[in-house]
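Chemist: One rule links them: number in this note's numbering = place in the sequence shown (from 1) + 512.
The beta carbon of each residue, even a glycine, is placed where N, CA and C say it ideally should be.
Here the structure is a predicted model, which means the values were calculated and not measured.
Before I ask anything, let me first share the structure, which is written out below as structure tokens.
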Amino acid sequence: MFERLKSESYLHSPFYLQILSELHDLCILRRDDSSSHRTFWKEAMEGQVLRKLEMDATAAKRKKQQKERIMAKGKEMLWPAAVVVILLVAWADMPGDFYKVVKFTVCAACGFMAWKAHQEGRVFWRNAYALAAAAYNPFLPIRMERESWEIVSVVVMLLVVVGSLARRQPLKSA
513 MFERLKSESY
523 LHSPFYLQIL
533 SELHDLCILR
543 RDDSSSHRTF
553 WKEAMEGQVL
563 RKLEMDATAA
573 KRKKQQKERI
583 MAKGKEMLWP
593 AAVVVILLVA
603 WADMPGDFYK
613 VVKFTVCAAC
623 GFMAWKAHQE
633 GRVFWRNAYA
643 LAAAAYNPFL
653 PIRMERESWE
663 IVSVVVMLLV
673 VVGSLARRQP
683 LKSA
């Protein structure tokens, strides 16, 4: 019977042959109910088992793709979250080297977000992120008082949060 199944035209896929082989082995190992074996092979001959397996495989693939999309969205939110957190921590009185790390991190994150905005064709956000990256550039630093940097950091935090929300929820046309 297994040889007949292998000869069917729709079963030439290696995936189906492997599954049928494994199912056949399971049936040989479980010889306790011969009527269930006959039912299984009858369904297999009609293609019902394979259709069920194909639907299960398709559902598993869709679930995996959905999980990957969710993970990708989570990764996209890491950059804005990192910028906001590091700028909030920068308000505390920290050593001078910490602010170099802040400038490098914020510059890199805003540069990356500007690049992503450019790829998506969002010109305003590309320019805004590029301006924020330029303000926090660690290689050509801008000298300002601490109070001025606090204002800039609030503006950049708002920019990052609003830009991230605008990216996730596109404008609806009327």
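Quick one: give me the first and last residue of the alpha helix (DSSP H) that Glu632 is part of.
Modeler: 608 to 632
Chemist: Looking only at its chain, what residues have a beta carbon closer than 6 Å to the beta carbon of Leu599, apart from the 5 residues adjacent to it on each side?
Modeler: Ser665, Met669
Chemist: Would you kindly check if the distance between the Cβ of Tyr648 and the Cβ of Val618 is under 7 Å?
Modeler: yes
Chemist: Taking C-alpha atoms, which residue in Trp591, Val667, Gly608, Gln578 lies nearest to Leu643?
Modeler: Val667
Chemist: Look at the alpha carbon of Ala645 and the alpha carbon of Lys575, and state the distance between them as a whole number of angstroms.
Modeler: 38 Å
Chemist: For a quick check, are the C-beta atoms of Ala640 and Leu671 less than 7 Å apart?
Modeler: Between Ala640 and Leu671, the C-beta spacing is below 7 Å.
Chemist: Tell me which residue opens and which closes the alpha helix (DSSP H) that Ala602 is part of.
Modeler: Careful: Ala602 lies outside any alpha helix (DSSP H) and carries neither H nor E.
Chemist: Nearest to Val673 by alpha carbon, out of Arg658, Ala621, Ile654?
Modeler: Ala621
Chemist: Would you tell me roughly how many angstroms separate the C-alpha atoms of Phe651 and Lys615, rounded to the nearest one?
Modeler: 9 Å
Chemist: Counting along the chain, where does the alpha helix (DSSP H) carrying Arg638 start and finish?
Modeler: Per DSSP, the continuous alpha helix (DSSP H) segment holding Arg638 begins and ends at 635 to 647.
Chemist: Going by C-alpha distance, which of Ile654, Ile531, Met606 is nearest Glu566?
Modeler: Ile531
Chemist: Could you give the distance in angstroms between the alpha-carbon of Asp609 and the alpha-carbon of Glu580?
Modeler: 37 Å
Chemist: What is the DSSP secondary structure of Arg581, reduced to helix, strand or coil?
Modeler: Here Arg581 carries a helix assignment [DSSP, helix/strand/coil].
Chemist: Buried or exposed: Pro592, going by 16 or more other Cβ atoms within 10 Å of its Cβ?
Modeler: buried
Chemist: How many angstroms separate the CA atom of Met606 from the CA atom of Glu659?
Modeler: 15 Å
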